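Numbering (the working numbering), first residue to last: 628 to 877. Below: one structure, written as structure tokens.
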């Protein structure tokens, strides 16, 4: 029986929190290791887009027999490569709907630009089921993130006729010792405002930046293969995926 996928936007109003990196590593873990069928609509027009990452991944796989073998083994297990479709923000929800009609997905993620000033961003946000917002314990990041999440949730509570159900924030780039005070202060403020913050936290680790490479056997950020099991420990990614499966019920 055909699934009714969840539509989940990933959005933040300040750069530097690793939004797209978190999305692609999460999507790859869910799709390739946890048997969830994923699709992504990419609204990022910069060189850091997930569409461009997919092209780099394909080039590396074609050059490296080891990666090709892993990809073949994955295919034999029945795990297909998830699609990444490009779209303008104002067209993102329509493209996501088209993917839902032609595939059998559990979640269709929409990677939105990092500002509400871009045409179509708010329209898309209000027409998905959930929004995931990565945040970092930095005053500049939190000021914009808090304002964004509060405004969206205020509108959602006032308008019961829109599809958006909830916004979930989660901590990224957590440095255990240096930003604990900022984190705790904002946690108290968000709780007071009724904003929902996931329990899972993502530490500030260099491994999240490691892509497929001809000079190194280690990688983490990849759209064709899951993060290696040995690299998951301590990354917070498995815990984030497990929590989202429960919270979003998929």
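Every residue gets a Cβ at the ideal spot worked out from N, C-alpha and C, and that includes glycine. In this text, all values refer to a predicted model and were calculated from it rather than measured experimentally.
Pick helix, strand or coil for residue i, following the three-state DSSP scheme.
| i | result |
| --- | --- |
| residue 878 | With the chain covering 628 to 877 only, the question about residue 878 has no answer from this structure. |
| residue 637 | strand |
| residue 845 | coil |
| residue 718 | helix |
| residue 733 | coil |
| residue 738 | strand |
When the Cα of residue i is compared with those of the options, which residue comes out closest?
| i | options | result |
| --- | --- | --- |
| residue 759 | 632, 672, 871 | 871 |
| residue 744 | 639, 688, 811 | 639 |
| residue 658 | 725, 700, 732 | 732 |
| residue 644 | 762, 677, 766 | 762 |
| residue 684 | 742, 637, 848, 867 | 848 |
| residue 874 | 811, 656, 812, 756 | 756 |
| residue 767 | 709, 809, 827 | 809 |
| residue 877 | 661, 646, 647, 655 | 661 |
| residue 826 | 637, 720, 863 | 863 |
| residue 682 | 699, 704, 663, 708 | 708 |
| residue 821 | 656, 704, 771, 778 | 778 |
| residue 828 | 846, 798, 838 | 798 |
| residue 816 | 838, 773, 793, 807 | 773 |
Leaving out five residues on either side along the sequence, give the residues of the same chain with a beta carbon under 7 Å from the beta carbon of residue i.
| i | result |
| --- | --- |
| residue 814 | 824 |
| residue 859 | 865 |
| residue 653 | 864, 867, 868 |
How many Å lie between residue i and residue j at the Cα?
| i | j | result |
| --- | --- | --- |
| residue 750 | residue 717 | 7 Å |
| residue 802 | residue 830 | 6 Å |
| residue 769 | residue 796 | 11 Å |
| residue 701 | residue 853 | 10 Å |
| residue 764 | residue 642 | 13 Å |
| residue 945 | residue 740 | Past the boundaries of the shown model lies residue 945; the chain is included only from 628 to 877, so the question cannot be answered. |
| residue 667 | residue 818 | 30 Å |
| residue 833 | residue 729 | 37 Å |
| residue 695 | residue 671 | 28 Å |
| residue 784 | residue 715 | 27 Å |
| residue 781 | residue 800 | 27 Å |
| residue 836 | residue 649 | 10 Å |
| residue 856 | residue 869 | 15 Å |
| residue 775 | residue 742 | 9 Å |
| residue 804 | residue 786 | 41 Å |
| residue 646 | residue 699 | 29 Å |
| residue 630 | residue 637 | 21 Å |
| residue 794 | residue 838 | 29 Å |
| residue 663 | residue 655 | 10 Å |
What residues in its chain sit with their C-beta under 6 Å from that of residue i, if we drop five residues either side in the sequence?
| i | result |
| --- | --- |
| residue 964 | The requested residue 964 is not part of the displayed model; the chain covers only 628 to 877. |
| residue 706 | 659 |
| residue 720 | 751, 754 |
| residue 867 | 827 |
| residue 746 | 717 |
Got a sec? Which residues, its chain only, sit under 8 Å from residue i by beta carbon, not counting five neighbours each side?
| i | result |
| --- | --- |
| residue 841 | 687, 690, 691 |
| residue 693 | 844 |
| residue 669 | 676, 677, 678, 711, 712, 713, 714, 738 |
| residue 697 | 852 |
| residue 651 | 667, 677, 680, 848, 849, 850 |
| residue 735 | 632, 633, 634, 635, 665, 666, 667, 668, 723, 726, 727 |
| residue 861 | 830, 832 |
* Completely contained alpha helix (DSSP H) runs for the region 748-828, where each covers 4 or more residues -> If we require 4 residues or more, the alpha helix (DSSP H) runs fully inside the region 748-828 come out as 748-752, 766-785, 807-819.
* Asked: Taking only runs of the beta strand (DSSP E) that begin and end inside the region 629-697, which ones reach a length of at least 3 residues, in chain order?
  -> The qualifying runs are 633-637, 665-669.
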